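Student:
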Amino acid sequence: CCLFPDPRNHNYYTSRTYGPTDPVTKELWVNIDQMEKEKVKIHGILSNTHRQAARVNLSFDFPFYGHFLKEITVATGGFIYTGEVVHRMLTATQYIAPLMANFDPSVSRNSTVRYFDNGTTLVVQWDNVHLQDTYDLGSFTFQAILHSDGRIVFSYKEIPVSVMQISSANHPVKVGLSDAFVVVHRIQQIPNVRRRTIYEYHRVELSMSKVTNMSAFEMFPLPTCLQYRSCATCINTEITFNCTWCNKLQSELTVHLWANAAANCAQQCPTNSHRLKMTNLIIVFGFGGIIIRRVE
31 CCLFPDPRNH NYYTSRTYGP TDPVTKELWV NIDQMEKEKV KIHGILSNTH RQAARVNLSF
91 DFPFYGHFLK EITVATGGFI YTGEVVHRML TATQYIAPLM ANFDPSVSRN STVRYFDNGT
151 TLVVQWDNVH LQDTYDLGSF TFQAILHSDG RIVFSYKEIP VSVMQISSAN HPVKVGLSDA
211 FVVVHRIQQI PNVRRRTIYE YHRVELSMSK VTNMSAFEMF PLPTCLQYRS CATCINTEIT
271 FNCTWCNKLQ SELTVHLWAN AAANCAQQCP TNSHRLKMTN LIIVFGFGGI IIRRVE
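Going by the numbering used here, the sequence shown opens with residue 31, and the numbers climb by one from there.
#1: So, under 8 Å CB-CB, S208 and T55 are touching, yes? Tell me the CB distance rounded to an integer number of Å.
#2: Roughly how many whole angstroms lie between the Cα atoms of S138 and F184?
#3: Can you name the start and end residues of the alpha helix (DSSP H) that E57 belongs to?
#4: Once the 5 residues before and after V193 are set aside, which same chain residues still bring their CB inside 6 Å of it?
#5: For I175, report the span of its alpha helix (DSSP H) as first-last.
#6: Would you decide whether L129 is buried or exposed? Buried here means 16 or more other CB atoms lie within 10 Å of its CB.
#7: Go ahead and label F271 buried or exposed: buried means 16 or more other beta carbons lie within 10 angstroms of its beta carbon, across all protein chains shown.
#8: Is it true that the CB of V153 sits closer than 8 Å to the CB of A60?
#9: Please go through the stretch 240 to 284 and give each complete beta strand (DSSP E) segment of 3 or more residues, from N-terminal end onward.
#10: Just grab the DSSP bridge partners of G149 for me.
#11: At which residues does the beta strand (DSSP E) containing A105 begin and terminate?
#12: Give me the Cβ distance between F90 and S178, rounded to the nearest whole Å; I'm assuming they're in contact under 8 Å.
#13: Helix, strand or coil for E68, going by three-state DSSP, please let me know.
#14: What separation, rounded to the nearest whole angstrom, lies between the Cα atoms of N39 and P221?
#15: Could you please give the first and the last residue of the uninterrupted beta strand (DSSP E) stretch that includes I228?
#16: So, does the stretch 45 to 55 touch the stretch 103 to 122, judging by three or more C-beta pairs under 8 Å?
#17: Which value, in whole angstroms, describes the spacing of the CA atoms of Q82 and A105?
#18: By the three-class DSSP mapping on this structure, what secondary structure does M119 have?
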């Protein structure tokens, strides 16, 4: 097996896959037991419940799809939720998922969800977790590792069965990344009530067949429009996205403001600016609550 396989390009990230025979695989696994004990947190609620999630504050700003996260939400179901708005459909979008599945730490006393933050890296480990509906398949142990430079690692120690065989009947099964932006709408008929619509604009789907004992994925962020803080650097950049500089928003432009910015930037930006990358955004309004739309 190749030590440094050619990376796959996912527009926002490139990814590399490592198998059991790659020396890099062992290097990417973080042995939490050897870390400073006072920095390793075993989450009591997540380690003893099913379908629960808990907020974790980061000691560093983590760049995700070009915007910075100061906190994330760790879920028992083998994934990290990155959105600001917590709702019932966390598995739909805005996630970092080393192995999203119907894991239930409460069915075994040996199951834990723990994390470690050393100031530049966050390691989240799902340790000896079982699938709720198929306990007899065995326990899974894997990690998601977030680095301050935006690099993301999925590392797998124990995968007792093929991930392709895991049922998605009661819980989605995913391996990869997803991001979205949120648009807040006021409902005229109901004062002081707002509806949030979540639009997914991109996802990275990694090969589930590559998830085995002692395997790993490594994802590297590619430059995005959000990292440029001046008009000159923005319009002169040579990346795969068509970036535009909006004078009205300037450095305040974030992924959450894309939808609102699009309507105003035509009047605010210089005529020689490039288009704002909207990934074919189509606004579709729904009724009440939170609505999730995939932007194709």
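Built from N, CA and C at the ideal position, the CB exists for glycine as well.
On a predicted model such as this, the values are computed, not experimentally measured, just so you know.
Tutor: This is what the structure gives:
#1: Within the sequence shown, residue 208 is the residue found at index 178, counting from 1. Within the sequence shown, residue 55 is the residue found at index 25, counting from 1. That belief does not hold up - the Cβ atoms of S208 and T55 are roughly 25 Å apart, past 8 Å.
#2: Residue numbering aside, residue 138 sits at position 108 when the sequence shown is read from its first letter. Residue numbering aside, residue 184 sits at position 154 when the sequence shown is read from its first letter. Roughly 23 Å between the two C-alpha positions.
#3: Walking along the sequence shown from the start, residue 57 turns up at place 27. Per DSSP, the continuous alpha helix (DSSP H) segment holding E57 begins and ends at P53 to L58.
#4: Against the sequence shown, residue 193 aligns to sequence position 163. Within the same chain, V193 has close Cβ partners M238 and V241.
#5: Position 145 of the sequence shown, counted from the start, is the residue given in the question as residue 175. Per DSSP, I175 belongs to no alpha helix (DSSP H); it is in the beta strand (DSSP E), F170 to H177.
#6: Walking along the sequence shown from the start, residue 129 turns up at place 99. Answer is buried; the Cβ neighbour count reaches 16.
#7: Taking the sequence shown and counting its residues from 1, one reaches residue 271 at position 241. Its Cβ being crowded by 16 or more others within 10 Å, F271 is buried.
#8: Locating residue 60 in the sequence shown gives position 30, where the first residue counts as 1. Locating residue 153 in the sequence shown gives position 123, where the first residue counts as 1. Residue identity differs from the one stated: residue 60 is Val in this sequence, not Ala. A Cβ-Cβ contact shorter than 8 Å links V60 with V153.
#9: Qualifying beta strand (DSSP E) stretches, in chain order: 245 to 251.
#10: The residue given as residue 149 occupies position 119 in the sequence shown. None, per the DSSP bridge assignment.
#11: On the sequence shown, residue 105 is found 75 positions in, with the first residue counted as 1. Run containing A105: H97 to A105, per the beta strand (DSSP E) assignment.
#12: Residue 90 sits at position 60 when you count from the first residue of the sequence shown. Residue 178 sits at position 148 when you count from the first residue of the sequence shown. That pair is a contact at about 5 Å.
#13: In the sequence shown, residue 68 corresponds to position 38, counting from 1. It is helical.
#14: On the sequence shown, position 9 is the one that residue 39 refers to. On the sequence shown, position 191 is the one that residue 221 refers to. Looking at the two C-alpha atoms, the distance is approximately 46 Å.
#15: On the sequence shown, residue 228 is found 198 positions in, with the first residue counted as 1. Start and end: R224 to E235.
#16: The answer is no - the stretch 103 to 122 does not touch the stretch 45 to 55, with fewer than three Cβ pairs under 8 Å.
#17: For the purposes of this step, residue 82 is identified with residue 52 of the sequence shown, where counting begins at 1. For the purposes of this step, residue 105 is identified with residue 75 of the sequence shown, where counting begins at 1. In a straight line, the C-alpha of Q82 is about 6 Å away from that of A105.
#18: Residue 119 sits at position 89 when you count from the first residue of the sequence shown. If DSSP states are grouped into helix, strand and coil, M119 belongs with coil.
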